[in-house]
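Q: Positions in the sequence shown are counted from 1; adding 14 to them yields our numbering.
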Amino acid sequence: MNRRKIAIIGGGLGGLSAGYFLSKQGEKVTILEKENFLGGLVGGFKMEGENLEKLYHHFFRTDKYLIELLEEIGLADKIVWNKNSTAIYWKNKMYPFNGAVDLLKFKPLSLLDKIRMGLVAIYLGLDNNWQKYEAISASDWMKKAVGKNGYKVVWKPLLQGKFHKYYKDISMAWLWARIHTRGNSKNEKGEEVLGYIDGGFEKLVERLAELIKKNSGEIKLNSEVKNIKDLEKEFDVIIDTRPDKEVEYLATVNISFSSEQNLSKFYWHNINDPKSPFIAFIQHTNLVGTKNYRGKNVYYLGTYVPQDHAFLKMDEKILVNQWFDYLKKIFPEFDKTKAENVSVFRFKSGQHIVKTNYIKPVYKVSEKIYKMNFAQIYPEDRGVNFGVREARKLIELI
Numbered sequence: 015m016n017r018r019k020i021a022i023i024g025g026g027l028g029g030l031s032a033g034y035f036l037s038k039q040g041e042k043v044t045i046l047e048k049e050n051f052l053g054g055l056v057g058g059f060k061m062e063g064e065n066l067e068k069l070y071h072h073f074f075r076t077d078k079y080l081i082e083l084l085e086e087i088g089l090a091d092k093i094v095w096n097k098n099s100t101a102i103y104w105k106n107k108m109y110p111f112n113g114a115v116d117l118l119k120f121k122p123l124s125l126l127d128k129i130r131m132g133l134v135a136i137y138l139g140l141d142n143n144w145q146k147y148e149a150i151s152a153s154d155w156m157k158k159a160v161g162k163n164g165y166k167v168v169w170k171p172l173l174q175g176k177f178h179k180y181y182k183d184i185s186m187a188w189l190w191a192r193i194h195t196r197g198n199s200k201n202e203k204g205e206e207v208l209g210y211i212d213g214g215f216e217k218l219v220e221r222l223a224e225l226i227k228k229n230s231g232e233i234k235l236n237s238e239v240k241n242i243k244d245l246e247k248e249f250d251v252i253i254d255t256r257p258d259k260e261v262e263y264l265a266t267v268n269i270s271f272s273s274e275q276n277l278s279k280f281y282w283h284n285i286n287d288p289k290s291p292f293i294a295f296i297q298h299t300n301l302v303g304t305k306n307y308r309g310k311n312v313y314y315l316g317t318y319v320p321q322d323h324a325f326l327k328m329d330e331k332i333l334v335n336q337w338f339d340y341l342k343k344i345f346p347e348f349d350k351t352k353a354e355n356v357s358v359f360r361f362k363s364g365q366h367i368v369k370t371n372y373i374k375p376v377y378k379v380s381e382k383i384y385k386m387n388f389a390q391i392y393p394e395d396r397g398v399n400f401g402v403r404e405a406r407k408l409i410e411l412i
């Protein structure tokens with residue numbers, strides 16, 4: 015076999031997955047990562063002595079591409095499945111929101127609202143024809159399907175939180191995929207279960223890097239590519255995994271911290287208040303336990319904002335104080351003096367904006383250059399599972 019020299023720009027999960035698949039086939043792979051770490055949006059850091067993602071991550075039972083990869087590279091024993099627990103914060107109160115029983119007890123909605131909400135969730139979970147939703151905005155479709163009050167209390171805040179000022183433009187195909195995926199990630203009892211990698215997603219990053227090197231591949235950190243044309247003389251194929259210049263993105267801002275305080279019994283909290291500086295509060299250890307974190311509770315606060323938003327330039331101490339002040343409004347017992355290992359992470363291109371009739375970026379740019387980035391993930395939302403899928407799809411093209 016005549017081995018091709020393949021350059022992969024970017025060492026995120028997509029780039030590492032493509033690098034692993036290609037090096038396994040005997041291609042000579044070189045990964046060029048501008049940062050001094052691998053993993054991109056799943057890049058890790060140390061939290062209470064354990065690896066933790068800079069941005070919160072979990073996966074679903076329907077995430078077959080990720081699960082197959084974990085099995086293939088010997089990490090199946092690291093998969094941990096646990097029951098999810100979700101709550102919604104609305105008008106100064108936290109409500110459980112885990113299924114039909116919680117929906118029926120959800121006081122902000124009338125009985126008719128609840129029936130419509132439940133039927134819509136079932137319908138979208140069973141409907142496989144996502145193409146019919148492409149030209150319809152999620153805002154308009156949901157307003158009609160669940161009614162004005164159900165939309166106002168539940169779906170409008172979620173869409174606004176995820177897509178900020180663009181929420182009215184988002185395709186219903188995207189929201190269909192979110193609901194469809196989650197609706198089919200349940201155990202035998204009908205409970206939603208979520209997966210995590212024991213030891214963090216860094217285990218996956220490290221294992222892929224190890225296998226690429228074992229397959230005679232090369233990984234170069236601190237190697238920013240400023241002009242892709244400069245690589246064409248040296249390499250037969252170039253895969254560019256950087257954010258696409260033709261796509262609009264939102265930035266993501268996350269704060270993580272640990273504490274001896276146990277603030278909630280839920281894992282995921284949707285903060286449906288437009289005055290909140292963050293849209294999600296995640297008590298990570300309510301999904302995975304505190305054992306790996308020296309008995310401490312681990313938390314995330316997260317939001318999505320336009321790339322020119324003040325949060326991206328704000329001093330970290332000011333940002334943390336502002337967010338912690340609002341967290342205390344939600345949980346009056348929260349004592350910010352007990353928050354430890356407080357870290358702020360900001361990614362300029364954290365979420366592509368999926369408007370109606372969304373057009374995915376092309377894969378093939380020229381005979382030598384290919385693109386692979388999470389903006390090509392559609393109608394599903396960007397995530398590790400679909401990053402692996404896109405890597406498999408791309409290597410079939412080249």
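Heads up, the beta-carbon is just placed ideally off N, CA and C, and yes, glycines get one too.
1. Alpha helix (DSSP H) containing Gln336: first to last residue?
2. Mind checking whether Val251 and Lys378 have CB atoms under 8 Å apart?
3. If distances are taken between C-alpha atoms only, which option among Lys247, Met108 and Asp183 comes closest to Glu9?
4. Taking only the alpha-carbon atoms, compute the straight-line gap between Val398 and Phe345 and give it to the nearest angstrom.
5. For Val402, name the three-state secondary structure that DSSP assigns.
6. Exposed or buried, which one is Tyr137 when buried takes at least 16 other CB atoms within 10 Å?
7. How is the beta strand (DSSP E) around Thr317 delimited, first residue to last?
8. For Lys19, which of helix, strand or coil comes out of DSSP?
9. From Gly303 to Val312, what distance separates their C-alpha atoms?
10. Leaving out the 5 sequence neighbours to the left and right, which residues in its chain are closer than 6 Å to Lys97 when beta-carbon positions are compared?
11. Buried or exposed: where does Glu224 fall if 16 or more other Cβ atoms within 10 Å of its Cβ makes it buried?
12. Less than 6 Å between C-beta atoms, sequence neighbours within five positions excluded: which residues of the same chain meet that for Gly53?
13. Would Ser230 be called buried (16 or more neighbouring beta carbons within 10 Å of its own) or exposed?
14. Helix, strand or coil: which one does DSSP assign to Phe177?
15. Is it the case that the segment 249–265 contacts the segment 363–378, given that we only count it when at least three CB pairs across the two stretches are under 8 Å?
16. Could you say if the segment 282–296 and the segment 96–111 meet the contact criterion of at least three C-beta pairs nearer than 8 Å?
17. On the DSSP letters alone, give me the boundaries of the alpha helix (DSSP H) that Met131 sits inside.
18. Return the residue from the list Val43, Gln336, Thr299 and Leu118 that minimises the CA-CA distance to Leu66.
19. Do the segment 26–43 and the segment 226–240 touch if we need at least three Cβ pairs shorter than 8 Å?
20. Between the Cα of Arg396 and the Cα atoms of Leu117, Thr266 and Phe280, which residue gives the shortest distance?
21. Could you give the residue range of the beta strand (DSSP E) that holds Asp254?
22. Work out the CA separation of Tyr181 and Ser153 for me, nearest whole Å.
23. Using the Cα positions of Glu238 and Trp169, report the straight-line distance between them to the nearest angstrom.
24. Which whole-angstrom value is the C-beta distance of Asn268 and Lys60, which I expect to be below 8 Å?
25. Do Ile242 and Tyr384 have their C-beta atoms closer together than 8 Å?
26. If I'm right that Glu418 touches Lys310 with Cβ under 8 Å, what's the distance once you round it to whole angstroms?
27. Let me check you understand the geometry: is the CB of Asn371 closer than 7 Å to at least one non-hydrogen atom of the ligand ATP?
28. Taking 8 Å as the CB-CB limit, is Ser99 close to chain D?
A: Answer, in terms of the structure:
1. Here residue 336 is taken as the residue at index 322 of the sequence shown, counted from 1. For Gln336, the enclosing alpha helix (DSSP H) stretches over residues Glu330 to Ile344.
2. In the sequence shown, counting from the first residue as 1, residue 251 sits at position 237. In the sequence shown, counting from the first residue as 1, residue 378 sits at position 364. In this structure, Lys378 does not lie closer than 8 Å to Val251 by Cβ.
3. The structure shown does not extend to residue 9, since the chain is modelled only from 15 to 412, so the question has no answer here.
4. Position 384 of the sequence shown, counted from the first residue, corresponds to residue 398. Position 331 of the sequence shown, counted from the first residue, corresponds to residue 345. Taking the straight line joining both Cα atoms gives about 31 Å.
5. Along the sequence shown, one-based indexing puts residue 402 at 388. Helix, per DSSP.
6. Taking the first residue of the sequence shown as 1, we reach residue 137 at position 123. Within a 10 Å sphere around the beta-carbon of Tyr137 sit fewer than 16 other beta-carbons, which makes this residue exposed.
7. Within the sequence shown, numbered from 1, the residue matching residue 317 stands at position 303. First-last of the beta strand (DSSP E) with Thr317: Asn311 to Val319.
8. Along the sequence shown, read from residue 1 onward, the residue named residue 19 stands at position 5. It is a strand residue.
9. Here the question's residue 303 lines up with position 289 in the sequence shown. Here the question's residue 312 lines up with position 298 in the sequence shown. In a straight line, the C-alpha of Gly303 is about 9 Å away from that of Val312.
10. Position 83 of the sequence shown, counting from 1, holds the residue named residue 97. The answer, listed in chain order, is Glu205 and Val207.
11. Indexing the sequence shown from 1 puts residue 224 at position 210. So Glu224 counts as exposed.
12. As a working mapping, residue 53 is identified with position 39 in the sequence shown. Same-chain partners within the cutoff: Val219.
13. Residue numbering aside, residue 230 sits at position 216 when the sequence shown is read from its first letter. The residue in question, Ser230, is exposed, as its Cβ has fewer than 16 Cβ neighbours within 10 Å.
14. Counting from 1 along the sequence shown, the entry for residue 177 is found at position 163. Per DSSP, reduced to three states, the secondary structure at Phe177 is helical.
15. yes
16. yes
17. The residue you call residue 131 lines up with position 117 of the sequence shown. Taken as a continuous stretch (DSSP letters only), the alpha helix (DSSP H) holding Met131 covers Leu125 to Leu140.
18. Position 52 of the sequence shown holds residue 66. Checking every option, the nearest Cα to that of Leu66 belongs to Thr299.
19. yes
20. The residue you call residue 396 lines up with position 382 of the sequence shown. Ranking the options by Cα distance to Arg396, first place goes to Thr266.
21. Here residue 254 refers to the residue found at position 240 of the sequence shown. Counting along the chain, the beta strand (DSSP E) containing Asp254 begins and ends at Val251 to Asp254.
22. Sequence index remark: in the sequence shown, residue 153 carries index 139 (1-based). Sequence index remark: in the sequence shown, residue 181 carries index 167 (1-based). Taking the straight line joining both Cα atoms gives about 7 Å.
23. Reading the sequence shown from its first residue, position 224 is the one you call residue 238. Reading the sequence shown from its first residue, position 155 is the one you call residue 169. Approximately 40 Å, taken between the alpha carbons.
24. In the sequence shown, counting from the first residue as 1, residue 268 sits at position 254. In the sequence shown, counting from the first residue as 1, residue 60 sits at position 46. With a beta-carbon spacing of about 16 Å, Asn268 and Lys60 fall beyond the 8 Å limit used to define contacts.
25. Here residue 242 refers to the residue found at position 228 when the sequence shown is read from its first residue. Here residue 384 refers to the residue found at position 370 when the sequence shown is read from its first residue. With respect to the 8 Å criterion, Ile242 and Tyr384 are not classified as neighbours on the basis of their beta carbons.
26. Summary: the structure shown does not reach residue 418, with the chain confined to residues 15 through 412, and so no result is reported for it.
27. As presented, the structure is devoid of all ligands, the ligand ATP included, so that no description of it is given.
28. Protein chains in the displayed structure number just one, and chain D is not present.
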